[in-house]
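J.: Residue numbers (my numbering): 311 to 496.
The C-beta atom is built at its ideal place from N, Cα and C for all residues, glycine as well.
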């Protein structure tokens with residue numbers, strides 16, 4: 311799944327950048343804009359934003375303000391806090407998905423088209439519903455994982471949190487960034 315997202319997002323961002331490059335060159339160098347390019351550029355741009363948000367939800371790397379974690383002593387308390395926050399996220403994302411479903415039904419019923427190229431706007435209007443649905447499913451998956459970890463218990467749940475030297479995912483990447491000879495010697 312990670313590889314699929316990596317390639318789709320790379321293709322989308324390259325497409326958006328390429329379209330903007332073509333538009334700038336044709337408009338300012340040749341003084342002849344390409345008609346309808348803005349309409350076409352909306353499609354990969356919207357899908358890029360939405361699928362980027364889905365990917366962040368899949369990786370569980372959204373921006374968070376984890377202020378309450380400073381006051382927690384054990385991993386059990388941290389998991390309880392994560393369950394509460396994921397539950398709130400599930401309620402909010404479910405509510406937004408419901409509204410996106412209503413908008414999707416409206417877009418299907420109205421079947422609008424773009425003004426210049428007469429492309430169906432459903433191509434990019436569906437991105438919001440599909441993206442929110444996927445994000446809601448990933449929130450549900452993360453919530454169930456935290457509940458399972460808490461119910462399973464074990465040594466990790468009772469472990470104290472080291473606030474002096476917190477472990478983050480960035481620390482796992484440092485060995486990969488160090489020169490190869492240091493990794494082999496160390």
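(1) Whole alpha helix (DSSP H) runs in the region 328 to 373 with 4 or more residues, listed along the chain?
(2) Measure from the alpha carbon of residue 403 to the alpha carbon of each residue in 336, 326, 453, then state which is nearest.
(3) Given 8 Å as the limit, is there contact between the region 358 to 372 and the region 431 to 443, that is, 3 or more CB pairs closer than that?
(4) When the Cα atoms are used, what is the spatial distance from residue 411 to residue 435?
(5) Among 461, 448, 357, 459, which has the Cα closest to the Cα of residue 370?
(6) Could you tell me the distance, in whole angstroms, from the CA atom of residue 418 to the CA atom of residue 432?
(7) Check the DSSP bridge columns for residue 430 and list the partner residues they point to.
(8) Could you tell me whether the region 347 to 360 touches the region 418 to 429, using the rule of 3 or more Cβ pairs below 8 Å?
(9) Alpha carbon to alpha carbon, how far is residue 391 from residue 343?
(10) Excluding the five sequence neighbours on either side, which residues of its own chain have a C-beta within less than 6 Å of the C-beta of residue 315, listed in chain order?
(11) I need the DSSP call for residue 311, collapsed to helix, strand or coil.
T.: In short, the structure shows the following:
(1) Within the region 328 to 373, the complete alpha helix (DSSP H) runs of at least 4 residues are 347 to 369.
(2) In terms of Cα proximity to residue 403, the closest of 336, 326, 453 is 453.
(3) Under the three-pair Cβ rule at 8 Å, the region 358 to 372 counts as touching the region 431 to 443.
(4) Each residue's Cα considered, the two are about 11 Å apart.
(5) Among 461, 448, 357, 459, the Cα nearest to that of residue 370 is on 448.
(6) Answer to the nearest angstrom: the Cα atoms are 7 Å apart.
(7) Within the DSSP bridge table, the entry for residue 430 names 423 as partners.
(8) For the pair of segments examined, the region 347 to 360 was found to touch the region 418 to 429: the number of CB pairs separated by less than 8 Å reaches three.
(9) Roughly 53 Å between the two C-alpha positions.
(10) Excluding positions up to five away in sequence, the list reads 365.
(11) If DSSP states are grouped into helix, strand and coil, residue 311 belongs with coil.
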